[in-house]
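Here the protein sequences come in this chain order: A and B. Okay, so the first sequence: first residue is 12 according to my numbering, each after it adds one. Okay, so the second sequence: first residue is 369 according to my numbering, each after it adds one. Glycine is no exception: its CB is placed at the ideal position from the N, C-alpha and C atoms. Source: prediction; values computed, not measured. Report on the structure given below.
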Amino acid sequence: MKLSDLVTNQIAIIKSINCETELKKRFYSFGMIKGALLKIENVSFSKNTIGVNIDDTLIALRFEEALNIEVEIIEDTK
Amino acid sequence: MKPMKIVLAGQPNVGKSSLINAMSNSRLKVGNFSGVTVEKAEICFEHHCHLMEMIDLPGTYSINGFSSEEKVAKNYLNNEEYDIIINVIDSTHLTRNLLLTLELMNLNKKMVIALNMYDEAKKEGIEIDAKQIEAITGIPTVTVSSHTKEGIDDLLDIVHTYYDNEKRLIPTINLSDTFEEELFHLTKFFENKSFRYKDLTSREMAIKLLFEDEKFYSYIHDKPIFAQIQPILLIATEKIYTYYESENINEIINDEFHAIAKGLKAETIICSRPKNKKTLTNKIDDILIHNIFGVPIFLFFMWILFQLTFTLGAIPMDYIDMAFAWLGQTIGNEISHDGLRSLISDGIIAGVGAVVLFLPNIIILYIGITLLETTGYMSRVAFLLDGFFHKFGLHGKSFIPLVTGFGCSVPAYMATRTLKNEKDRLITLFIIGFMSCGAKLPVYVLFAGAFFSPEQAGNILFIIYISGAILGLLMAKLLRQFVFKGADEPFVMEMPKYRFPTLKLMYMVVSNQAYSYLKKAGTFILAATIIIWFASNYPNNGTDNPKTQLENSYLGQLGKASEPMFAPLGFDWRLSVALETGLAAKEVVVATLGILYNVGEDATETDDRLLQELKKQIPLPTAIAFITFVMIYLPCFAASMVFAKESGGYRYLGYLFVFTTIVAWIMSFIVYNIASYLI
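Structure follows, in structure tokens:
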């Protein structure tokens, strides 16, 4: 499933990131890389942006950017 | 003695500036030297009788990226002369920060790691074994806190000793087995050949080869041994590619670094904080970026900021205004020569006064913006509003400069600095003028009062403001589509932990901004006001009637010459002149109309005689077209100069002039014709 399909408080592991280099680099600099664990913490009102917690850092990204990240749920703390 | 040149490199929000302040104590000399748009700060102080010079590079997540900060940092680190790098790390986010550390290690310079915010880390139950990090990486490491000053002296001592030490310590990080195996062969090769490059060890050269370092390649490429090393290298890269199932070395390095950073963290950190426990930041975020209440709370903060900026700011503004008026008059009385007196009191003093006048606004607004930024709230704002603004080709952070534009364009242009992406910033700069500034209000009030009943006037004002804002957003969309084309920059950004800035840091940032405003804008605005003063007072035809004087001045002549251009909008030469003097400052429009419609130059927007004259002499469609023009065309001179500076060149000011004038003309033309048809 895609990161954009995840809902708040689900913990998932990144399976793959499929996008162009620039964005990939950006993801990487925040520690968003294959094998990293993440959790969705916030979703904005219009659902255009989401807040993802990765390694204790909260990262904001656009919904359309989250479409590039393939994840797998490993824990549901809903 | 040569000063010791120290570069501070680190990711954003790791407290580099605070650390510099803590290290330099109160003996600080802050100066901005502008390389590119992104500024590096420089500071000098003494430590054990040795002058230390510190360079504060812009915070970057990586030095291999393409953002303007990353380029500044990379260029500086690669090409400038310096003695030591202090890599500042946020102790509470070790893994991510170590990624940059690993990149910095490959610069092969003397480096010290400062684990900053250690007090905060301890409070969060994180304990870091700095000695262990030092043992694994081979790089001197200290824990510090710029807040409590803990470890600052140690850091200075370590840096100083390391500087005095001739030898550079070689990083001892182990890469993965795959890499190490190939490194072994390459290192041995270099050793056997006694090949040297700068002060690098054989292993460091081998790493450069495997990491495909362009500089090193171009060096070794011309050497005879290249032919011999090539086959070894080919086999080595082939193995690495196969192992990592990728042929992109940057991605492979990233994977490698990430694994190392994770490993380093695991071996050096003791975290006693229970998992899944909410931190204070989490709790604050539950409120501040709540999916329903988030936006209203933000709007409330903005409302407070604007109240402070424009009501609190108005108090010193009145005094500044009075002081300069008094100064102009007092000095004017001492000068007997008419022309000289007018130049000094009406031209220079009034011009400088107009610049200083905005200072309280700028200071208050900047305190607000600095608070928003340093506390970490600004990125939340972008998170909340990006959905809406992105539709118009803008960034979530564009909101703040745009709203500021309703008060005054000068601080609004300066506020665009929070936008890091060039295109986002330019589009925002271009449309700020559509948000009618406070100085345009007198013109609106005058015309609304003259042509509409008092009950309607309020609605008219509201319509003016709203239509300006909507037009601005549409223009942003247009600019994004046709002018600043290309893919959007990724939005991905950190929402840092909430922190409160120290007073010292606030003072440093705000005073720097105020100073640079006074210095840079002041000189240009001064020159410009003298030109405008000259154009409206010369040629001097010796008349006492200000109307005749203005009519025959260069400015008046220009107004008459440009009359045909404005004729399709229904403007006569007087309205044209008023628009032209309005380029100096929008308040001047009312005064000019006062002169030209024969009611004297001290006319105000509530002057009844002027209202009556305007109503008598100007048809309603013309009046509406005039308001529309004022709403859209170029902001005042002070703002234009700041625009030129913030956008990065007078070229852009030229574009802004053409853009706003054309839009203003077309919109006025449309409005004029519709109104003429309806009435």
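Do you know how far the Cα of B:Met485 is from the Cα of B:Val382?
Position 14 of the second sequence holds residue 382 of chain B. Position 117 of the second sequence holds residue 485 of chain B. Each residue's alpha carbon lies about 8 Å from the other.
For the segment 484–508 of chain B, which segments carrying the beta strand (DSSP E) assignment without a break, of at least 3 residues, lie completely within its bounds, in sequence order?
494–496
What is the DSSP secondary structure of A:Met12, counted as helix, strand or coil?
What you label residue 12 of chain A is simply residue 1 of the first sequence in a count that begins at 1. Three-state result, A:Met12: coil.
In chain order, what residues of the same chain have a beta carbon less than 7 Å from the beta carbon of B:Ile732, not counting five sequence neighbours either side?
Counting from one through the second sequence, the residue named residue 732 of chain B turns up at place 364. Answer for B:Ile732: Leu676, Thr677, Leu680, Gly681, listed in chain order.
Those runs of the alpha helix (DSSP H) which lie wholly inside the segment 776–820 of chain B and span at least 4 residues:
777–783, 790–800, 809–819
CB-CB under 7 Å to B:Phe726, same chain, minus the five flanking residues each way: which ones, in chain order?
Your numbering for residue 726 of chain B matches position 358 in the second sequence. Cys776, Val778, Ala1006, listed in sequence order.
Closer than 8 Å to chain A by CB, B:Pro858
Position 490 of the second sequence, counted from the start, is the residue given in the question as residue 858 of chain B. Closer than 8 Å to some Cβ of chain A, the Cβ of B:Pro858 qualifies, so yes.
Within the continuous beta strand (DSSP E) that includes A:Arg73, where are the two ends?
As a working mapping, residue 73 of chain A is identified with position 62 in the first sequence. It spans 68–73 - the beta strand (DSSP E) in which A:Arg73 sits, taken as one unbroken run.
Would you decide whether B:Tyr965 is buried or exposed? Buried here means 16 or more other CB atoms lie within 10 Å of its CB.
Working through the second sequence from its first residue, we reach residue 965 of chain B at position 597. So B:Tyr965 counts as buried.
Would you mind telling me which residues of chain A sit closer than 9 Å to B:Met670, beta carbon to beta carbon, in chain order?
Along the second sequence, read from residue 1 onward, the residue named residue 670 of chain B stands at position 302. Under a criterion of Cβ atoms nearer than 9 Å, no residue of chain A is adjacent to B:Met670; the nearest Cβ is some 17 Å distant.
Is B:Lys373 near B:Glu421, with beta carbons less than 8 Å apart?
As a first step, residue 373 of chain B is located in the second sequence; it is residue number 5 there, counting from the start. As a first step, residue 421 of chain B is located in the second sequence; it is residue number 53 there, counting from the start. Yes, they are a contact pair.
Here's the rule I'm using: 16 or more other beta-carbon atoms within 10 Å means buried, otherwise exposed. How should B:Leu871 be labelled?
Numbered from 1 along the second sequence, position 503 holds the residue referred to as residue 871 of chain B. Exposed, by the Cβ-count rule.
8 Å is my cut-off, CB to CB: does B:Thr463 come that close to chain A?
For the purposes of this step, residue 463 of chain B is taken as the residue at position 95 of the second sequence. Cβ-Cβ to chain A under 8 Å: yes for B:Thr463.
So is B:Gln917 buried or exposed if we call it buried at 16+ other beta carbons inside 10 Å?
On the second sequence, position 549 is the one that residue 917 of chain B refers to. Under this definition B:Gln917 is a buried residue.
Whole-angstrom distance between B:Asp487 and B:Ser394, CA atom to CA atom
Here residue 394 of chain B refers to the residue found at position 26 when the second sequence is read from its first residue. Here residue 487 of chain B refers to the residue found at position 119 when the second sequence is read from its first residue. Residue placement at B:Ser394 is poorly supported in this model, since its pLDDT is 49, which falls under 50; the coordinates are not used for a value here.
Given that B:Ala750 touches chain A, what residues does it touch there, using C-beta distances under 9 Å?
Along the second sequence, one-based indexing puts residue 750 of chain B at 382. Simply Thr60, Ala71.
Please check if any C-beta of chain A sits within less than 8 Å of the C-beta of B:Val663.
One-based indexing of the second sequence puts residue 663 of chain B at position 295. Chain A contact via Cβ: present.
Do B:Ile992 and B:Val1031 have their C-beta atoms within less than 8 Å of each other?
The sequence position of residue 992 of chain B within the second sequence is 624, counting from 1. The sequence position of residue 1031 of chain B within the second sequence is 663, counting from 1. Cβ atoms of B:Ile992 and B:Val1031: not closer than 8 Å.
Return helix, strand or coil for B:Ile688, following the three-state DSSP convention.
By 1-based counting over the second sequence, the position of residue 688 of chain B is 320. Looking at B:Ile688 - three-state DSSP - the assignment turns out to be helix.
According to DSSP, is B:Asn465 helix, strand or coil?
The residue labelled residue 465 of chain B in the question sits at position 97 within the second sequence. The answer is helix: DSSP assigns B:Asn465 an H, G or I state.
Find the residues of chain A that neighbour B:Tyr612, judging by a C-beta separation of less than 8 Å, and give them in chain order.
Here residue 612 of chain B refers to the residue found at position 244 of the second sequence. Result: empty, since nearest Cβ-Cβ is about 11 Å, beyond 8 Å.
Under the three-state DSSP convention, the category B:Gln925 falls into
Within the second sequence, the letter at position 557 stands for residue 925 of chain B. Helix at B:Gln925.
B:Leu1024 to B:Gly801, Cα distance in whole Å?
Within the second sequence, residue 1024 of chain B is the residue found at index 656, counting from 1. Within the second sequence, residue 801 of chain B is the residue found at index 433, counting from 1. Approximately 9 Å between the Cα atoms of the pair.
Nearest-angstrom beta carbon gap, B:Ser930 and B:Ser944 [assumed within contact, 8 Å]:
For the purposes of this step, residue 944 of chain B is identified with residue 576 of the second sequence, where counting begins at 1. For the purposes of this step, residue 930 of chain B is identified with residue 562 of the second sequence, where counting begins at 1. The Cβ separation is near 5 Å, so the contact holds.
Under 8 Å between C-beta atoms, does B:Asp623 make it to chain A?
Residue numbering aside, residue 623 of chain B sits at position 255 when the second sequence is read from its first letter. Answer yes: the Cβ-Cβ gap between B:Asp623 and chain A drops below 8 Å somewhere.
My understanding is that B:Leu787 touches B:Phe767, with C-beta atoms under 8 Å, so please give their C-beta distance in whole angstroms.
Translated into positions along the second sequence, residue 787 of chain B becomes position 419. Translated into positions along the second sequence, residue 767 of chain B becomes position 399. That belief does not hold up - the Cβ atoms of B:Leu787 and B:Phe767 are roughly 10 Å apart, past 8 Å.
Nearest by alpha-carbon distance to B:Ile481: which of B:Glu492, B:Gln500, B:Cys805, B:Thr555 is it?
Taking the first residue of the second sequence as position 1, residue 481 of chain B is located at position 113. With distances taken between CA atoms, B:Ile481 lies nearest to B:Gln500 out of B:Glu492, B:Gln500, B:Cys805, B:Thr555.
In the segment 14–47 of chain A, which residues sit with their C-beta less than 7 Å from some C-beta in chain B, listed in chain order?
Glu33, Leu34, Lys36, Arg37, Phe38, Tyr39, Ser40, Phe41, Gly42, Ile44
Could you tell me which uninterrupted alpha helix (DSSP H) segments, each at least 4 residues in length, are contained entirely in the segment 515–563 of chain B, listed from first to last along the chain?
520–532, 545–561
Name, please, each residue of chain B whose Cβ falls closer than 8 Å to the Cβ of A:Asp67.
Here residue 67 of chain A corresponds to residue number 56 of the first sequence, with the count starting at 1. Under the 8 Å cutoff, chain B gives Thr460, His461.
DSSP three-state label for B:Ala1012, please.
Counting from 1 along the second sequence, the entry for residue 1012 of chain B is found at position 644. Here B:Ala1012 sits in helix by DSSP.
On the CB-based measure, 16 or more other CB atoms within 10 Å of its CB, does B:Arg1019 come out buried or exposed?
Indexing the second sequence from 1 puts residue 1019 of chain B at position 651. B:Arg1019 comes out exposed.
When you compare only the Cα positions, how much space is there between B:Leu824 and A:Gly62?
Translated into positions along the second sequence, residue 824 of chain B becomes position 456. Translated into positions along the first sequence, residue 62 of chain A becomes position 51. Note on identity: in this sequence residue 824 of chain B is Gln, with Leu being the wrong assignment. Whole-angstrom Cα-Cα distance: 45 Å.
Under 9 Å (Cβ pairs) to chain A, residues found in the segment 842–869 of chain B:
Flagged, chain order: Ala855, Asp856, Glu857, Pro858, Phe859, Val860, Met861, Glu862, Met863, Pro864, Lys865.
Hey, how far is the Cα of B:Arg1101 from the Cα of B:Val851?
No statement about residue 1101 of chain B is possible, as the shown extent of chain B runs from 369 to 1047 and does not include it.
Cα separation between B:Leu568 and B:Asn476?
Taking the second sequence and counting its residues from 1, one reaches residue 568 of chain B at position 200. Taking the second sequence and counting its residues from 1, one reaches residue 476 of chain B at position 108. The straight-line gap from Cα to Cα measures roughly 7 Å.
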